[in-house]
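Trainee: Residues in the sequence shown are numbered consecutively from 2, following this note's numbering.
Idealized CB from N, CA, C, for every residue including glycine.
Computed from a predicted model, the values in this text were never measured in an experiment.
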Amino acid sequence: MTWSVVPSLTDTSEMADNMLNELSSFEGQSVLVTGHTGFKGSWLALWLHRLGAHVTGYALEPPSDTNHFEASNLADLLVEDLRGDIRDAHLMADVVRRCAPDVVFHLAAQPIVRTSLVDPRETFDINVIGTASVLDAVRLADRPCAVVVATSDKCYRNNGQVWGFRENDPLGGHDPYSASKAGTELVVDAYRSSFFPVDRIAEHGVRLASVRAGNVIGGGDWAEDRLVPDAVRALSAGADLIVRNPGSTRPWQHVLEPLSGYLALAERLLRDEHPATWVGAWNFGPFTNDEATVADLATALIDAWGSGRWTVPPGSSSDVEAKTLRIAIDKAISTLGWQPRWHLGEAVRRTVDWYRHYYRDPTRAMREHSLNDIEAYETANRRPDPT
Ligand SMILES: NC(=O)c1ccc[n+]([C@@H]2O[C@H](COP(=O)([O-])OP(=O)(O)OC[C@H]3O[C@@H](n4cnc5c(N)ncnc54)[C@H](O)[C@@H]3O)[C@@H](O)[C@H]2O)c1
């Protein structure tokens, strides 16, 4: 399939409905996913395999003892399940040469704000230098491919504005994690300008984009210091869920929402004869009427679980985390034809359902359950834009 024209606004509803069908063009493609042992990377690799891609994964060990990568037996589905550090330039270059990717999704990172406050240097090292290492391996491989680098909605200079950040807003970051993601964006921009310029794509063939998503929820995340994993740990043990910053608003969405955006974007980068439209930065977030405070989400999780309560420990505060974080998704809606498919209630319901099944029998493989979520997402109707 080839997109030869940039869609006009009037084309987008049809495009959005067709979008997931068009992902069939991943069939037979060689795809490298960094961070495939992590939460988002394991869901993405599973989805890519379902779409017929030949997926190679490169990452460190899964970030927690229980994790979606192992719960879904993902290793069985990969061409190669490679372990190593993205900062190891020789290994990284070797991985890209071996995989000979048509598409690279770079998701390996240190993704937790509070961890970045404990070891800021390591966070900058992994997220900024690590990304340079991945892009340098692509440069040295000297082969055409689409590259999608995951950064974050936190990469923007957060001045407390109530309206959503757009892709051309200034970068920044008050804490090391956020600043490292702004740094990742600068690395991407420098590689694109210096080595993969848009006006010479016919020569180098590398189509490079970055993607900025909000806080994702879904089955299989057991990271420390994230609301859903904290809730699941507490609720499954009959303990109170301890909540920091109950009033903070975040762009929560099911993990499949941004991943569908990454896939749609990679598909355009791969196939479109006008790739200049697609290289650059893209926000993937919820509609504004789906944003919720930490307190709202904690309550919704407990309701879906059927029991439990949340409390705020006295004196707890983490001022470094922005109170309101909102990203505008007009570009993805109007240009890419992507838009959210599940409202927050559905995302919470499916997330809790995933964990409920897991905790009923932790030895059982969860791959089918995750694939059912993916299938349900693929066939869900697009939602009307509430704005
Ligand atoms: N989870 C979210 O809510 C969220 C929101 C916005 C952006 N992101 C971004 O999405 C990406 C994936 O996040 P996640 O939630 O899946 O994280 P995760 O912690 O679940 O997974 C991180 C992955 O990176 C790998 N990794 C870490 N350091 C590495 C290194 N030095 N070398 C090789 N591999 C390394 C881990 O092994 C793991 O596979 C990250 O870039 C993160 O910043 C996540």
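From the DSSP output, which residues share a beta bridge with Ser211?
Mentor: Translated into the one-based positions of the sequence shown, residue 211 becomes position 210. Its beta-bridge partners are Val150 and Ala282.
Trainee: Assuming Tyr157 is part of the alpha helix (DSSP H), what are its boundary residues?
Mentor: Locating residue 157 in the sequence shown gives position 156, where the first residue counts as 1. Neither: Tyr157 is in no alpha helix (DSSP H) and is coded neither H nor E.
Trainee: Would you decide whether Lys41 is buried or exposed? Buried here means 16 or more other CB atoms lie within 10 Å of its CB.
Mentor: Counting from 1 along the sequence shown, the entry for residue 41 is found at position 40. When all chains shown are included, Lys41 counts as buried.
Trainee: At a cut-off of 7 Å, is Thr57 close to ligand 1 when judged by its beta-carbon and the heavy atoms of the ligand?
Mentor: By one-based count along the sequence shown, residue 57 stands at place 56. Checking the Cβ of Thr57 against ligand 1 gives no.
Trainee: Any residues whose CB sits closer than 5 Å to a heavy atom of ligand 1? List them in chain order?
Mentor: With the cut-off at 5 Å, the residues found are Gly36, Thr38, Gly39, Phe40, Lys41, Ala60, Leu61, Pro64, Asp86, Ile87, Leu108, Ala109, Ala110, Pro112, Ile127, Ala151, Ser153, Ala214, Asn216 and Val217.
Trainee: Tell me the residue span of the alpha helix (DSSP H) that contains Phe125.
Mentor: Taking the sequence shown and counting its residues from 1, the one referred to as residue 125 is at position 124. Unbroken alpha helix (DSSP H) run through Phe125: Pro121 to Phe125.
Trainee: Go ahead and pull the three-state DSSP assignment for Asp137.
Mentor: As a first step, residue 137 is located in the sequence shown; it is residue number 136 there, counting from the start. The answer is helix: DSSP assigns Asp137 an H, G or I state.
Trainee: By alpha-carbon positions, which one of Ile243, Ile87, Glu204 and Ala282 ends up nearest to Leu337?
Mentor: Working through the sequence shown from its first residue, we reach residue 337 at position 336. Considering only alpha carbons, the answer is Ala282.
Trainee: For Pro247 versus Val148, is the C-beta distance shorter than 8 Å?
Mentor: Within the sequence shown, residue 247 is the residue found at index 246, counting from 1. Within the sequence shown, residue 148 is the residue found at index 147, counting from 1. No, they are not a contact pair.
Trainee: Measuring CA to CA, which of Val353, Ser195, Ser65 and Pro230 is closest to Asp137?
Mentor: Reading the sequence shown from its first residue, position 136 is the one you call residue 137. Nearest C-alpha to Asp137: Ser195.
Trainee: With C-beta atoms as the reference, is Val207 less than 8 Å away from Phe106?
Mentor: Residue 207 sits at position 206 when you count from the first residue of the sequence shown. Residue 106 sits at position 105 when you count from the first residue of the sequence shown. No, the pair does not count as a contact, with Cβ atoms beyond the cut-off.
Trainee: Once you ignore the five residues that flank Ala305 on each side, which residues in its own chain have a CB closer than 6 Å to its CB?
Mentor: If you number the sequence shown from 1, residue 305 lands on position 304. Correct list, in chain order: Val349, Arg350 and Val353.
Trainee: Whose CA, out of Ala265, Trp339 and Ala232, lies closest to the CA of Asp297?
Mentor: In the sequence shown, the residue the question calls residue 297 occupies position 296. Ranking Ala265, Trp339 and Ala232 by Cα distance to Asp297 puts Ala232 first.
Trainee: Compute every distance between the C-beta of Gly36 and the non-hydrogen atoms of ligand 2, then say whether any falls below 7 Å.
Mentor: Ligand 2 is not among the ligands present in this structure, which contains only ligand 1.
Trainee: Which two residues bound the contiguous beta strand (DSSP E) that contains His107?
Mentor: To locate residue 107, count along the sequence shown from 1; it is residue 106. Start and end: Val104 to His107.
Trainee: Once DSSP output is grouped into helix, strand and coil, what is the label at Trp258?
Mentor: The residue given as residue 258 occupies position 257 in the sequence shown. Per the sequence shown, the amino acid found at residue 258 is Glu instead of Trp. If DSSP states are grouped into helix, strand and coil, Glu258 belongs with the helices.
Trainee: Provide the residue span of the beta strand (DSSP E) that contains Val56, from first to last.
Mentor: Looking up residue 56 in the sequence shown gives position 55. Looking at the DSSP string, the run of the beta strand (DSSP E) that includes Val56 is His55 to Ala60.
Trainee: Could you pull out every residue in the same chain whose Cβ sits closer than 7 Å to the Cβ of Leu10, ignoring the five residues on either side in sequence?
Mentor: Locating residue 10 in the sequence shown gives position 9, where the first residue counts as 1. Unreliable positioning characterises Leu10 in this predicted model, as indicated by a pLDDT of 35, which lies under 50. A coordinate reading is not provided.
Trainee: Would you say the stretch 89-108 touches the stretch 126-142, given that touching needs at least three Cβ pairs under 8 Å?
Mentor: Short answer: they touch.
Trainee: Can you tell me where the alpha helix (DSSP H) with Ser195 in it begins and where it stops?
Mentor: As a position in the sequence shown, residue 195 is number 194, starting the count at 1. Residues Pro177 to Ser195.
Trainee: Starting from the Cα of Asp126, find the closest Cα among Pro145, Arg115, Lys182 and Gly165 and give me that residue.
Mentor: The residue you call residue 126 lines up with position 125 of the sequence shown. Answer by Cα proximity: Lys182.
Trainee: Can Val56 and Val80 be called in contact, C-beta distance under 8 Å?
Mentor: Stepping through the sequence shown from its first residue, residue 56 is reached at position 55. Stepping through the sequence shown from its first residue, residue 80 is reached at position 79. In contact: Val56 and Val80 (Cβ atoms closer than 8 Å).
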